[in-house]
Every structure is written in structure tokens, then in C-alpha cells.
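Student: The listed protein sequences derive, respectively, from chains A and B.
Residues in the first sequence are numbered consecutively from -10, following this note's numbering.
Residues in the second sequence are numbered consecutively from -10, following this note's numbering.
Cβ coordinates follow ideal geometry from the N, Cα and C atoms, glycine included.
Since we're looking at a predicted model, the values are computed, not measured.
Number of protein chains: 2
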Amino acid sequence: MTEFSLPPIHTTARDDAVLKALAGFVMREKLEPGERLPTERILAERLKVSRNTVREALTRWEGLGLVERRQGSGTYLKAAVSLDMLHMPLTLAGGNDFTGLMRTLEIRRALEAEAAALCAIRADKDDLAEIERKLDIMEEEFLNRAGMSSEEDWEFHQAIYRACGNPLFEQIIAAMHELFHRFWEHPLGVRDFGHASFPYHRTMFDCIAAHDPEGARAEALKLIATVEDDLKRGAANLKLSDRT
Amino acid sequence: MTEFSLPPIHTTARDDAVLKALAGFVMREKLEPGERLPTERILAERLKVSRNTVREALTRWEGLGLVERRQGSGTYLKAAVSLDMLHMPLTLAGGNDFTGLMRTLEIRRALEAEAAALCAIRADKDDLAEIERKLDIMEEEFLNRAGMSSEEDWEFHQAIYRACGNPLFEQIIAAMHELFHRFWEHPLGVRDFGHASFPYHRTMFDCIAAHDPEGARAEALKLIATVEDDLKRGAANLKLSDRT
DNA sequence: GTGCAGAAATTGGTTGGACCATTGAACCAC
DNA sequence: GTGGTTCAATGGTCCAACCAATTTCTGCAC
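This is the structure we're talking about:
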């Protein structure tokens, strides 16, 4: 028997219909991230469905991070929306312990190296200027406060992801950021966490600015390696005061 | 003014509470993928919330692919669930065109290179045997059918992801696989798509077996580069018969 | 007993209406 | 201006009912 690969028909797919209509609306109205979209009650009325159905549809989008709901205020667009979006929901089990953090760091190393290399190939003058600006801020902050500033550091890396010409990098990293951030703020008791990574920020940027992809890749790998070392030191410290 | 970094508090988080409770339930009962979980009505009653709230919570999980709802039948677990899950919903705008595929390929290159390097460090004898077995199958299939077999090729790469000691790699790649697979089956009219990548599979494996991380990384990069070339050729072909 | 068609129960999907909690703007007193 | 107060708008929750798909049970024909 021939194998058909017909997509399953959902006779009742009101949610999806609502989302499709909403996506069309967003595109027509050229709504951009940050803007407010119609209230649930209005959507329900216009689309001739119950408000509950609208809510389930919006809940989907909220779960996908496309939209943010603020009680008493409204529903706001959080990301660009188009009709031909492809969703790749990832759920990663167990990211709260040392092992989990180490694993996310390995992912970050993979992406950071590639993003730096791509950036070295593609970044134009404006991109480079923006990245260097963030780098300067970070370095100044580092010297003033005598330590890594997670916020400014993050801005720098983000600028690279943004300039690499592939939004997927920024999306994936951003999704992992919260988890990573959590530990950055409480680095397992390691003093001067991230300190060793400082010089590599500049060397990595130099390679990018020189349009040297392989050099940038190598510097990125070194940078992450220092963070991994810090993490391992922290884990060793923590073992002394272990809790189940 | 001093900068506070107070995280916003969510006074009302019934949905999350429901999901947390449900995740706990799934873990306690050791429910596995495929099994049915309690009906919405029962959950509502037990958790002392309205069925509507339960539905919104389940809609979240459904959107994340953790659960599947079948009208008239029940709600079924689709993936392992734990309390400390990290959700990483990715949305790729315009994933149907050449650009979108190219972008996913760049992600894959990043992960493939890192996974190969990690694998070269960590793979033990059993892992290597398993990978080589998949490689042999793929090579035989290649010679018999005189072309790349996407299925066997995929199995080979998957074996590497599995042996690299970090399940996140396999999860992320798996999420992108469907999209990638789609194009692999219809490679934009390019004859012998993926043909050029064939020899690098063996060279990459040799580096892994020799515990040479940097060599494995380099071979992985070359492998993906050939696929990118094929893709670009395909895009050039396609341009002749363009459709809006 | 077997097999099958139809009835009944179960379960997710949808509806409409109500009320609560939060927000933000308009307004007022000082 | 500053600081409350009021009030309308908006998302969050709840309830009770009904619809639609599925599963299970029942009873009849054989």
C-alpha cells in the first residue's frame, strides 16, 4: 500500500484559525514588537468566537514567546510575527545543577564560536562600530568595578549574535540566557568569576574586525574555556558544603 | 541613583501552579510518554481550579509539544516531563525559503563541530563501535544506491550527538530535523545532493576514533561546508524558475 | 459464543456570561 | 508638583451548559 503523508485534518481548529487571522492582522497593520494588539474582547467579537477561544490561542503565542500579556493593560507583541513561521519548541530537562549548567555552556561554546566566525565574515562597518562600543563600555565597567559586569558582558555578546546575520543564534542564546544568568549572579562562591575571560573579549573582537573567521573562532573557544574553568573551580568549592 | 535589579513578581500564577502540580504528579506516578493523564474535569476538581484554568495550562504544554490532546479520548504525554525543565521556544520567520534553511544549517554546523570535538574527547569503546556501525551501514547504502541516503546519514550523525555526553545537542538538532529533512528529500532539484559530503563522514569518524578533537571539529566543518555548497547550487538553479 | 450496529458514556472543544485583580488615566485636594 | 481617589478598561478566573469526536457498552441477529 502506498504511503500517504497527508497532514492530519483538524475539523475543529478554531485556535489555529484565530492565530492565523491574528498573524494576518499583525502583518497588515505592520505591528512591531512592543505595540499593543486588540483586546481579547474585541478579538472575540470581530472573529465571532468566544473570548475563551481567543484566550487559548493567545496562550499558545504567549508560550512561544511571541506575545506578552499584562493584566489591566493589554497584550503586547514581543517578536516579529509572520504567517509562515516555523516553531521549534525545545524543552530541556534538568538545567539547575552543575551538570546542567556545564551542558548549556557547551552549547554556548558551539554557538559562540560559529557566531564569531560568521561575524568576522559578514559584519559591516556599522556592526563593528556597535560591537566595539559595547566592548568599550564593558571594559570601562570592568576597570571601574574591578570585576566582570554580567550586564555589559551580555550586551557585548548579544551585539555579536545580532551582527552575525542569523537571528537564530540570538534566539537560542537568549532562551538560555535566563538560566545562565542565574548562575552568573551567584557563581557558586567563586571570587572574580569570569575574570579570566576578560582579555579574550578584546582579542576576539580584533579578529572579527580583521575579518579573520578562524581566528575569531579560536578566541571564542578560549574565552568559553576560561568560564568553564571558573565553573569547575566553583563546583569543587561547592563539594565541601554539599547538600544532598 | 542606585540601580536595583528586582525581578518582577507574579501575584497570580495559577497556570504555572497547575503545571507545576501536574509535573509533580507525572513524576510521582512515573508516567511515561504515551500514557494518558487525568481528564481535565478531574484535574480541575482535584486542584480546586476551574476547568478553564486547567485548559490554559495544558494548552501551554501542548504548544511546547509535551502533551497531545485527542478529543473524545484524552490527553496523552508526548515527552518526558520534569520539574526543572527549561523551555526554549524558537520561532523561525520564513522557514520555507532558502535563507531559512541556510540559517538552520549554520546552527547545525556550530553544533556538529562542537559535538564531534566533544565526542573525540569522551566517546568510549562502545560509543565508537556504535558510531562505526552506523557509518558502515551508511557507506554500504551509499554504494548500493549510488547516492546519499538521508535516513542512514541521519542515524550516523545522531549516534555522534548521542555519544558526545551532552543530551542537549541531540535535542536541539532533533527539533530542527523536521525542517531540515523536508529539504533533504526535495533538494531544490540538485542531482546527487549531499554527494560531496560523503568522504568527510569517514574522515570525521577517524578523528573521533583517534581522540583528536580539533581534527574532528575541522572535518565536521568541511562536511557541512559541502552541504552548504550544494544548497547554494540548488538556490542558483531555482532562481531560473522563480516564483514570486 | 460471535459479530456488529446502535445507544450511551466519556472526553476534549466551544460558548456566553459573570465576577475578580490589576493597571492606567483622569481628577481632586493639598 | 505631590499624593490620594475614583473609575473605566483589560487580562485572569470561574461556572454551567452544550457540541463533537471517541470509546465503551449493550443488545440483537446469527
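Along the chain, where does the alpha helix (DSSP H) that runs through A:His190 open and close?
Tutor: Reading the first sequence from its first residue, position 201 is the one you call residue 190 of chain A. Where A:His190 is concerned, the enclosing alpha helix (DSSP H) stretches over Phe187 to Ala198.
Student: In whole angstroms, give me the CA-to-CA distance for A:Glu45 and B:Gly89.
Tutor: Your numbering for residue 45 of chain A matches position 56 in the first sequence. Your numbering for residue 89 of chain B matches position 100 in the second sequence. Rounded to whole angstroms, A:Glu45 to B:Gly89 spans 29 Å at the Cα level.
Student: Sort B:Met127, B:Pro156, B:Phe131 and B:Leu132 by Cα distance to B:Phe145 and report the nearest one.
Tutor: To locate residue 145 of chain B, count along the second sequence from 1; it is residue 156. Closest option to B:Phe145, Cα to Cα, is B:Met127.
Student: Under a three-way DSSP split, which group does B:Gly89 fall into?
Tutor: Here the question's residue 89 of chain B lines up with position 100 in the second sequence. DSSP places B:Gly89 in helix when its eight states are reduced to three.
Student: Can you confirm whether the region 102 to 119 of chain B touches the region 191 to 210 of chain B when touching is taken to mean that 3 or more C-beta pairs between the two stretches lie within less than 8 Å?
Tutor: The region 191 to 210 of chain B, when compared against the region 102 to 119 of chain B, does touch it at the 8 Å Cβ threshold.
Student: Leaving out five residues before and five after A:Val43 in sequence, what residues of the same chain have Cβ atoms less than 8 Å from its Cβ?
Tutor: Within the first sequence, residue 43 of chain A is the residue found at index 54, counting from 1. Excluding sequence neighbours, A:Val43 sits near Val7, Glu29, Leu32, Ala33 and Leu36.
Student: Check the Cβ-Cβ distances between B:Ala152 and every residue of chain A, and say whether any is below 8 Å.
Tutor: As a first step, residue 152 of chain B is located in the second sequence; it is residue number 163 there, counting from the start. Not one chain A Cβ lies under 8 Å of B:Ala152.
Student: Between the alpha carbons of A:Gly223 and A:Glu217, how many angstroms are there, rounded?
Tutor: The residue labelled residue 223 of chain A in the question sits at position 234 within the first sequence. The residue labelled residue 217 of chain A in the question sits at position 228 within the first sequence. If you take the alpha carbons of A:Gly223 and A:Glu217, they lie about 10 Å apart.
Student: Determine contact between the region 111 to 120 of chain A and the region 147 to 155 of chain A, defined as no fewer than three beta-carbon pairs at a distance below 8 Å.
Tutor: Contact between the region 111 to 120 of chain A and the region 147 to 155 of chain A is present, because at least three Cβ pairs lie under 8 Å.
Student: In whole angstroms, what separates the C-alpha of B:Thr192 from that of B:Asn133?
Tutor: By one-based count along the second sequence, residue 192 of chain B stands at place 203. By one-based count along the second sequence, residue 133 of chain B stands at place 144. In a straight line, the C-alpha of B:Thr192 is about 20 Å away from that of B:Asn133.
Student: For B:Lys123, does the count of other Cβ atoms within 10 angstroms reach 16, so buried, or fall short, so exposed?
Tutor: Walking along the second sequence from the start, residue 123 of chain B turns up at place 134. Answer is buried; the Cβ neighbour count reaches 16.
Student: Going along chain A, which residues have a C-beta under 9 Å from B:Glu235?
Tutor: Only positions -10 to 233 of chain B appear in this structure, which leaves residue 235 of chain B out of reach.
Student: Taking only three categories from DSSP, how would you classify A:Gly63?
Tutor: Indexing the first sequence from 1 puts residue 63 of chain A at position 74. Strand at A:Gly63.
Student: Rounded C-beta distance between A:Ala209 and A:Glu95? I'm assuming under 8 Å.
Tutor: As a working note, residue 209 of chain A is residue 220 in the first sequence. As a working note, residue 95 of chain A is residue 106 in the first sequence. The Cβ separation is near 13 Å, so there is no contact.
Student: Let me know the secondary structure DSSP gives A:Pro156 once reduced to three states.
Tutor: Stepping through the first sequence from its first residue, residue 156 of chain A is reached at position 167. A:Pro156 falls in the helix class under three-state DSSP.
Student: May I ask you to report which of helix, strand or coil DSSP gives B:Lys132?
Tutor: Numbered from 1 along the second sequence, position 143 holds the residue referred to as residue 132 of chain B. The residue asked about is misnamed: residue 132 of chain B is Leu in this sequence, not Lys. Of the three classes helix, strand and coil, the one that applies to B:Leu132 here is helix, per DSSP.
Student: Cα separation between B:Leu(-5) and B:Gly183?
Tutor: Within the second sequence, residue -5 of chain B is the residue found at index 6, counting from 1. Within the second sequence, residue 183 of chain B is the residue found at index 194, counting from 1. Residue confidence is low: B:Leu(-5) scores 48 on pLDDT, short of 50, so the model does not pin down where it sits. No coordinate-derived value is stated.
Student: In the structure shown, what three-state DSSP assignment does A:Thr80 receive?
Tutor: Walking along the first sequence from the start, residue 80 of chain A turns up at place 91. Reduced to three states, the DSSP call for A:Thr80 is strand.
Student: Going by DSSP in three states, A:Glu38 sits in which element: helix, strand or coil?
Tutor: Taking the first sequence and counting its residues from 1, the one referred to as residue 38 of chain A is at position 49. For clarity, residue 38 of chain A is Val in the given sequence; the question names Glu instead. Coil at A:Val38, not helix or strand.
Student: Give a yes or no on whether the minimum CB-CB distance between A:Gln160 and chain B is below 8 Å.
Tutor: To locate residue 160 of chain A, count along the first sequence from 1; it is residue 171. Taking Cβ atoms only, chain B reaches closer than 8 Å to A:Gln160, which makes this a yes.
Student: May I ask you to list the residues that DSSP assigns as paired with A:Leu75?
Tutor: Reading the first sequence from its first residue, position 86 is the one you call residue 75 of chain A. Paired residue(s): B:Leu81.
Student: Nearest chain B C-beta to A:Asn41 closer than 8 Å, yes or no?
Tutor: Locating residue 41 of chain A in the first sequence gives position 52, counting from the first residue. Yes - at least one Cβ of chain B is within 8 Å of the one on A:Asn41.
Student: So is B:Gly52 buried or exposed if we call it buried at 16+ other beta carbons inside 10 Å?
Tutor: Translated into positions along the second sequence, residue 52 of chain B becomes position 63. B:Gly52 is buried by the Cβ-count criterion.
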